[in-house]
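Heads up: the structure comes next, in structure tokens.
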Amino acid sequence: MQQAVVGVLVVQNRTKRHYTEEEVEALQTVAMVLAEVVAAADLIGAVPDEPDLSRQMPYHIAGTSFSESIALGHAVLHEPRVHVTKLIAEDTELELKRLEQAVYALRGSIDDMLETEDLSHAGEHREVLQAYRMFANDRGWLQRMLEAVKTGLTAEAAVERVQNDTRARLQRAADPYIRDRLHDFDDLANRLLRQLTGVTLASLSANLPNDAIIIARNMGPAELLDYDKERLRGLVLEEGAPNAHVSIVARAFGIATVGRAEDILEHVEPGDAIIVDGDTGEVYLRPSQEVIASYSEKARFRARKQEQYKAIRGEPAVTLDGEKVDLYVNAGLQVDLPHLDEAGAEGIGLFRTELQFMIASTLPSLREQIELYRAVLDEAGDKPAVFRTLDIGGDKMLPYMNLSALKEENPALGWRAIRISLDRPALLRHQIRALLTAAAGRSLRVMFPMVAEVAEYKRARALVDKELARLKKFGKECPAHLEIGTMLEVPSLAWQLDTLLPLVDFVSIGSNDLLQFLFASDRGNPRVATRYDFLSPAVLSFLRHIVVKCREYGTPLTLCGEMSGKPLEAMALAGLGLRRISMSPAAIGPVKMMVRSLDVSKLETFMDGLYGLPDRSVREQLASFAEAHGVAV
Ligand code: PEP
Ligand code: MG
């Protein structure tokens, strides 16, 4: 059979005996005939060498924590595999045609994705799509699948057969690059199977179990928002980054999330029992009874901790030496609002208005915007709520936005946030109108995202004045009190504070974007997102500069990035002088515990010695300080 080994035939005897030459020849002939039969039926690959137990045994993966919570539930594949049930074709010609059409459609859809560059919406990287394109256009792949159909298989069975063969071959490769490409290839084959069977992702989210743990290679924030939050317990991503927007949305939902869970898709079966430990970044697939017992204990411990946080809910966040640190929550959806009270926060430090736009299928109307903003103000009552105007673009795409205008090499540095708002002022004016109307007779605080220069702030602020004038002209009631501020998340703005601060009512540091720009390291790219430590002398000195300037001008300053939600990071922020931080609601308890156990003046003195260090990180020094002084971090 073309000199290829298709298997090994073993002949054994109970007792020792000698084989004659004729017998050996006869056995060789049998082997040859068998090889022909096997090859003709193309059974190789269809018969697994041994039962695949890898998806039945318990399996443990050490990933990275993206959202700190613990979840026990059942696995749901974001991009489900298709189970091929019909193997034998009734009409081979028809199957050949179906296969060719599906491959053609698949190629088209990948070209479309690459062309629209709606990459970040889908959470995919260009490199991955390019690998898809390469595989999808590989003539050898199509040829092998067509050959398989010609042996009598259905198109689906042929795709699966070739997928299994290729997987077996690539899995043996030692080169990690090739093993990575195996994921690309697997994704692509699954896409082709879905193309053939017409299984769509939407049809599956309808059947979500009550304790769903979504497993995906990566995804964008809008896709996570598509799931029914009530049924979502956890999220596991094979890739992803902790400050990517999907992780932020996961934290806002309070769902346990682990990222960089290597090879999870290879080992998980839909419906598998699964434990996601968002504290440690661990994932247990099909956990043993012992693991389940230990996690039940851990869950009880967490519940006790939650009780402790609850007990201090009404207490102020004041340090041992009497400094008050105001703790605010970040929010963005109606479902977030009850968290404000539950967490015992001082107010809403960041309301991400774009989330309403991202979950809608069409642009929210003026009335819909007013309704949401009113609900936020109602819930906040006397507490302040800071609305950030639309922060879209980058990885926050609107499904109904015309993307053809957005062909960008570097979307994070591209046409986003205030840039879109100033270039399309109707959108921003509409939103400001909604905000002013919702806050009639009340206090309103508004800030703009991604401001890079004072001139941008001034232009945005002028639009607010225009809308105010318009309201007055029509005799409508205006807010009783209005504060306008800006996010500081582009480093250039930190060097214009002398001109900026006299013009603003407050400043809010967006550390997620600020630090990705400071280090030139994409917050959504797993290869570089955690390459630099936020607790570095560079970051601390930079933030210190902003704190000092704001103090000089008496401008209220908040930090609303993810940094403030981690007790050790929050401790460092207090130590460099910040007295207002905004975080996801679940972080309020642990951060308040930290504040109440901290002597901040001692920390300030300690940190004076850190700013000038040549170290890449001062995390260890800060952790040692916390340990030595009994700070709960
Ligand atoms: C930030 O950049 O830190 C921020 C708070 O805004 P977002 O995460 O929504 O970009
Ligand atoms: Mg930002």
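Using the numbering used here, the first residue of the sequence shown is number 7, and each one after it goes up by one.
Glycine included, every Cβ here is placed at the ideal spot set by N, Cα and C.
Separation of S527 and A68 (C-alpha to C-alpha, rounded to the nearest whole angstrom) is 24 Å.
With at least 16 other beta carbons inside 10 angstroms of its own, D278 counts as buried.
Within the same chain, and ignoring the five residues on either side of T203 in sequence, the residues whose Cβ sits closer than 7 Å to its Cβ are V88, E162. Using a 10 angstroms sphere on the CB of F259, the tally of other CB atoms reaches 16 or more, which defines it as buried.
With contacts defined as CB atoms closer than 8 Å, L238 and A218 qualify as a contacting pair. Excluding sequence positions up to five before and after G320, its CB lies within less than 8 Å of the CB of G350, all in the same chain and listed in chain order. Annotation for Y334: the continuous beta strand (DSSP E) segment containing it runs 332 to 337. When rounded, the separation of the alpha-carbon atoms in D397 and W147 is 42 Å. A distance of 8 Å or more separates the beta carbons of V553 and L509. Beta-bridge partners of P455 (DSSP): none assigned. Relative to the ligand PEP, L356 has its C-beta within less than 7 Å of a heavy atom. At a threshold of 7 Å, D519 counts as near the ligand PEP, since its beta carbon sits closer than that to one of the ligand's heavy atoms. In this structure, the beta-carbon distance from A580 to V545 does not fall below 8 Å. The residue among Y379, T286, I594 with its C-alpha nearest the C-alpha of I76 is T286.
The count of Cβ pairs closer than 8 Å, one atom from the region 412 to 426 and one from the region 263 to 271, stays below three, leaving the stretches out of contact. Under the 8 Å Cβ criterion, the region 301 to 311 does not count as touching the region 554 to 563, having fewer than three qualifying pairs.
Taking K92 as the centre and dropping the five residues before and after it, the same chain places the C-beta of T160 closer than 6 Å to its C-beta, in chain order. Look at the beta carbons and you see the region 381 to 398 touching the region 348 to 368: at least three pairs across the two are nearer than 8 Å. Fully enclosed beta strand (DSSP E) runs of no fewer than 3 residues occupy 391 to 394 of the region 383 to 450, in order along the chain.
In this structure M569 is not in contact with M600, their Cβ atoms being roughly 13 Å apart against a cut-off of 8 Å. Judged by their CB atoms, L574 and A632 are nearer to each other than the 8 Å cut-off. Beta bridge pairing from DSSP links V242 with I221, V264. Straight-line spacing of the CA atoms in A137 and R187 works out to 7 Å.
In this structure, Q295 sits away from T359, with a CB-CB distance that is not shorter than 8 Å. Under the three-state reduction of DSSP, D283 is assigned to strand. The C-beta distance from R602 to I318 rounds to 7 Å, short enough to meet the 8 Å contact threshold.
Secondary-structure assignment with DSSP links F357 through a beta bridge to A337, F393.
At least one heavy atom of the ligand PEP sits closer than 7 Å to the Cβ of D397. With a beta-carbon spacing of about 14 Å, L521 and R625 fall beyond the 8 Å limit used to define contacts. By DSSP's assignment, P485 forms a beta bridge with A446.
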